[in-house]
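**Student:**
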Amino acid sequence: MAKLQVISTKGVKIGETTLPKEFDTKDGGLNLLSQSVRVFEDNLHPGLAQVQTRSDVDRTTKKWYKQKGTGGARHGARSAPIFVGGGVAHGPDGLKRHLSLPVKMGKKALGVALSLKLSNKEVVVVDGMPKFEKTNDVQKLIDTLKKENKNAKRFTFVLKEKTIKVGKALRNLKNVKTFQYKDLNAKDVLFGGILIFDAGIFEKEVSEKSSKTQPKKARKVATKK
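Here is the structure:
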């Protein structure tokens with residue numbers, strides 16, 4: 020499992036933490052990541068575009084010219100798609116076609132995106148993130164991170180739990196987004212710039228895993244004398 024340094028809210032290195040196995044996903048690759056991003060982006064579009072067919076346009080239905088003797092093709096109305104002002108053939112019909120991605124593939128794509136970010140050194144773990152009260156405090160942290168990564172333009176704060184206090188401190192910053200860890204997807208990670216994780220997320224992951232690995236106590240069975 021990968022390990023990463025933990026910094027304080029002032030940008031000072033104070034220790035390290037063990038990242039979950041999702042950050043070490045190598046199977047699937049960029050093809051799976053590309054597919055998941057396409058599904059997410061396609062489902063963001065409302066899909067309400069609709070064209071007028073030859074039955075919808077306001078054109079005369081009078082026969083344009085006689086059937087025979089002109090040397091031209093036979094036409095019954097000017098609403099045909101080949102004429103200017105006529106209907107549109109094979110255009111969008113206003114029906115939203117919803118794309119879906121299996122849950123396992125979505126989780127795997129998220130792991131690929133997180134691994135890619137980790138390899139590009141675009142993952143930061145901050146201890147004490149719930150203590151943020153002022154936007155100025157968050158801006159100071161961002162300025163510190165920009166000194167280490169001069170190409171950083173966008174920042175995504177990943178919280179263990181959203182609170183009103185932290186939400187107010189983060190909401191008025193330019194190019195900054197906020198998500199809960201459980202709501203992350205591959206698209207948000209891939210285009211999120213520098214990912215800033217709350218250290219409490221990984222402490223919870225470790226505690227849950229340790230509780231699962233603890234052996235269960237044997238039950239005492241009462242015996243009749």
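Under this note's numbering, the first residue of the sequence shown is numbered 20, with each subsequent residue one higher. Backbone N, C-alpha and C define an ideal beta-carbon position, used for all residues, glycine too.
Distance, Cα to Cα, Val157 vs Ile26?
**Tutor:** 13 Å
**Student:** Smallest Cα separation from Asp43: which of Lys150, Leu23, Ser53 and Gln54?
**Tutor:** Leu23
**Student:** Name the DSSP bridge partner or partners of Asn35?
**Tutor:** Note that residue 35 is Glu in the sequence shown, not Asn. Glu35 pairs with Gln24.
**Student:** Sorted by chain position, which residues of the same chain lie with C-beta nearer than 7 Å to Ser230's C-beta, five sequence neighbours on each side aside?
**Tutor:** Because Ser230 sits at a pLDDT of 47, beneath the cut-off of 50, its placement in the model cannot be relied upon, and the following sentence gives the value as read from the coordinates. Excluding sequence neighbours, Ser230 sits near nothing in its chain.
**Student:** Please look up how many angstroms separate the CB atoms of Phe151 and Ile215, rounded, as I've assumed it's under 8 Å.
**Tutor:** The Cβ separation is near 11 Å, so there is no contact.
**Student:** With distances taken from CA atoms, which of Leu114, Leu133, Lys32 and Thr163 is nearest Asn70?
**Tutor:** The sequence shown places Val at residue 70, rather than the Asn named in the question. Val70 has its Cα closest to that of Leu114, out of Leu114, Leu133, Lys32 and Thr163.
**Student:** Mind reading off the beta-carbon distance from Ile58 to Leu118? Whole number of angstroms is fine, and I expect it under 8 Å.
**Tutor:** It is worth fixing the name first, because residue 58 is Val in this sequence and not Ile. So it is a contact: roughly 5 Å between Cβ atoms.
**Student:** For the beta strand (DSSP E) that Ile213 lies in, which residues bound it at each end?
**Tutor:** Ile213 to Asp217
**Student:** Between the Cα of Phe176 and the Cα atoms of Thr89, Lys153, Asp217 and Lys184, which residue gives the shortest distance?
**Tutor:** Asp217
**Student:** Does DSSP put Asp43 in a helix, in a strand, or in coil?
**Tutor:** helix
**Student:** From the DSSP output, which residues share a beta bridge with Asp112?
**Tutor:** Gln69
**Student:** Thr163 and Lys29 - do their beta-carbons sit closer together than 9 Å?
**Tutor:** yes
**Student:** Starting from Val103, trace the beta strand (DSSP E) both ways and give me its first and last residue.
**Tutor:** Careful: Val103 lies outside any beta strand (DSSP E) and carries neither H nor E.
**Student:** Can you tell me where the beta strand (DSSP E) holding Phe174 begins and where it ends?
**Tutor:** Its beta strand (DSSP E) spans residues Phe174 to Leu178.
**Student:** Could you please give me the residues that DSSP links to Gln199 through a beta bridge?
**Tutor:** Residue pairing by DSSP places Gln199 opposite Leu178 in a beta bridge.
**Student:** For Glu35, is the classification buried or exposed, using 16 other Cβ atoms within 10 angstroms of its Cβ as the cut-off for buried?
**Tutor:** exposed
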